[in-house]
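K.L.:
Letter 61 of the sequence shown, counting from 1, is numbered 61 in the UniProt record's numbering, and no numbers are missing.
Think of the CB as a built atom: it goes at the ideal place given N, C-alpha and C, for glycine as much as any other residue.
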Amino acid sequence: MPKSKYIPKILKYQWKILWFFLITVFLLLNPSANIYFHPVDLAQGLTLSPDSDLPEPPPIPIKITDNDIPQISAEAVLIKDVPSGIVLYSKNSREIYSPASTTKIVTALVALDYYHLDDVLTVQSDNIQGRVMGLVKKEKITFEALLYGMLVHSANDAAYAIAENYPGGLTKFVEKMNDKVIDLGLTNTHLTNPAGFDDKNHFSTAEDLVKVSLYGLNNKLFSKIVSTKRIVVSDVTYSYFHDLINVNELLGKIAGVAGVKTGQTENGGEILISEVKKNDTLVIIAVLKSKERFADTEKLINYIYTNYNWLPLNNLIPTIQAK
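1) Residues in its own chain within less than 8 Å of residue 308 by CB, not counting five upstream and five downstream?
2) So what does DSSP say about residue 265, is it helix, strand or coil?
3) If residue 98 and residue 198 are in contact, beta carbons under 8 Å, what's the gap, nearest whole angstrom?
4) Work out the CA separation of residue 86 and residue 312 for me, nearest whole Å.
5) Output needed for residue 76: all residues of its chain with C-beta closer than 8 Å, excluding positions within five of it in sequence on either side, in chain order.
6) I need the straight-line Cα distance from residue 158 to residue 264, nearest angstrom please.
7) Relative to the C-alpha of residue 166, which candidate in 253, 58, 120, 301 has its C-alpha closest?
8) Is residue 243 helix, strand or coil by DSSP?
9) In the DSSP assignment, find the unbroken alpha helix (DSSP H) run with residue 380 in it and report its ends.
10) Cα separation between residue 83 and residue 231?
11) Return the bridge partner residues of residue 222 from the DSSP annotation.
12) Tell me whether the beta-carbon of residue 254 lies closer than 7 Å to the beta-carbon of residue 102.
13) Can you tell me where the beta strand (DSSP E) holding residue 77 begins and where it ends?
14) Taking residue 302 as the reference, give the member of 277, 315, 195 with the closest Cα.
15) Using only the alpha-carbon positions, how far apart do residue 305 and residue 149 sit?
16) For residue 258, does the three-state DSSP call read helix, strand or coil?
17) Between which two residues does the beta strand (DSSP E) harbouring residue 286 extend?
18) Look up residue 87 in the DSSP assignment and say whether it is helix, strand or coil.
19) When you compare the segment 232 to 248 with the segment 135 to 145, are there three or more beta-carbon pairs, one atom per stretch, that lie closer than 8 Å?
20) Identify, in the order they occur along the chain, each residue of the same chain with its Cβ nearer than 7 Å to the Cβ of residue 192, setting aside the five sequence neighbours on each side.
21) Which same chain residues, not among the five before or five after residue 154, have their C-beta less than 8 Å away from its C-beta?
22) Taking the alpha-carbon of residue 218 as reference, which of 259, 270, 266, 145 has the nearest alpha-carbon?
23) What are the boundary residues of the beta strand (DSSP E) that residue 309 is part of?
24) What are the boundary residues of the beta strand (DSSP E) that includes residue 140?
25) According to DSSP, simplified to helix, strand and coil, what is residue 106?
26) Among all the DSSP beta bridges, which residues are the ones paired with residue 190?
27) Among the residues of its own chain, which have a CB less than 8 Å from the CB of residue 300, if the five just before and after it don't count?
28) Just to confirm, is the Cβ distance from residue 123 to residue 161 under 7 Å?
29) How is the beta strand (DSSP E) around residue 60 delimited, first residue to last?
30) Suppose you measure from the CA of residue 142 to the CA of residue 194; what does that come to, to the nearest Å?
31) Does the distance from the C-beta atom of residue 81 to that of residue 210 stay below 7 Å?
32) Please name the residue, chosen from 275, 182, 268, that lies closest to residue 227 on a Cα-to-Cα basis.
33) Which same chain residues, not among the five before or five after residue 115, have their C-beta less than 6 Å away from its C-beta?
Structure below.
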């Protein structure tokens, strides 16, 4: 009978197994031959070398008092230490509410994916309700100016000008907004308009709004705009000037407050997402369905920085020593 055609393959694999076994034994008997091997002195503990490339872990917020959170009017709250990701306080943070003008954060992110700052857009509507920057129909104005109008002044007409100039118009833009919502993992958010008008199918949560705010703050331009207290912009012909004043009353009033976005509608109540940079820490606070968003947020900022200390991780986890 002819030899099986599988015999050479079997012999080939046997040789591979044998070589693997021999190399393994060699490395075990001669560990210094392994370029990935580094001896550990158990007497000195398991510690990283000073020249390690691993990043320093962020300080950890530790509650140092037994004080309770202050009484506030907001129905939903989320407070998060950004570097560590630790939630300092949460109340109804996954419950659905109207996001009002915090919607404009998503509007800005979608627009930034498509437009260039010097793109000139033509205003198509001048009958937009609510807070506006005073755009005139057929006014030609840069995308950058509209971005400031939308994020600083919370101008609804700026949000609609951006959306209506998008390829496919308003409908396509809103579709892209919901695509962005999915991409960012905002699992309890759905949007029907670029400005934040109340609608039964237009909703979000404190958790999702914190997540999208943090994503936006990674963009240097977005971060700069939402921390701008006041600015004047004009159309491209310098025929129309728009004085933009940030709605966030805490900017310049409370030390460390650097943004992010306000919102207010009949169904949504008062909303405020705040970035706080203080004492080498970074905290984000969201209050939804509030009756006094600025007072609520001020109380929460005072509470956090009175009742928490940030300690290096090395102070909390002792070095592992040999027994």
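P.N.:
Let's see:
1) Contacts found: 61, 62, 63, 64, 88.
2) Note: residue 265 maps to strand in three-state DSSP.
3) Confirmed, Cβ separation roughly 5 Å.
4) So the alpha carbons of these two residues sit roughly 14 Å apart.
5) For residue 76, where only same-chain residues beyond five positions count, the Cβ hits under 8 Å are 91, 92, 93, 95, 97, 205, 206, 286, 287, 288, 289.
6) The alpha-carbon atoms of residue 158 and residue 264 are separated by roughly 17 Å.
7) Selected option, being the one with the closest Cα: 120.
8) Three-state DSSP puts residue 243 in a strand.
9) Nothing in the structure corresponds to residue 380, since the chain is present only between 1 and 323.
10) Rounded to whole angstroms, residue 83 to residue 231 spans 31 Å at the Cα level.
11) By DSSP's assignment, residue 222 forms no beta bridge with any residue.
12) Remark: C-beta atoms of residue 254 and residue 102 do not approach each other more closely than 7 Å.
13) 76 to 81 is the extent of the beta strand (DSSP E) around residue 77.
14) Among 277, 315, 195, the Cα nearest to that of residue 302 belongs to 277.
15) Taking the straight line from one Cα to the other gives about 32 Å.
16) DSSP places residue 258 within a strand segment (E or B) once states are collapsed to three.
17) Note, residue 286: beta strand (DSSP E), 281 to 290.
18) Reduced to three states, the DSSP call for residue 87 is strand.
19) At 8 Å Cβ cutoff, the stretches touch.
20) Excluding positions up to five away in sequence, the list reads 174, 199, 201, 202.
21) Counting only Cβ-Cβ distances below 8 Å, and skipping sequence neighbours, we find 101, 104, 131, 247, 261, 262, 263.
22) Checking every option, the nearest Cα to that of residue 218 belongs to 259.
23) Where residue 309 is concerned, the enclosing beta strand (DSSP E) stretches over 308 to 311.
24) From DSSP, the beta strand (DSSP E) with residue 140 extends over 140 to 142.
25) Residue 106 falls in the helix class under three-state DSSP.
26) In DSSP, residue 190 forms a bridge with 203.
27) Answer for residue 300: 69, 70, 72, 77, 79, 89, 285, 287, listed in chain order.
28) Going by C-beta atoms, residue 123 is nearer than 7 Å to residue 161.
29) The continuous beta strand (DSSP E) containing residue 60 extends over residues 60 to 63.
30) In this structure, the CA atom of residue 142 is about 18 Å from the CA atom of residue 194.
31) Note that the C-beta distance between residue 81 and residue 210 is not below 7 Å.
32) Residue 275 is the option with its Cα nearest to residue 227.
33) Contacts found: 143.
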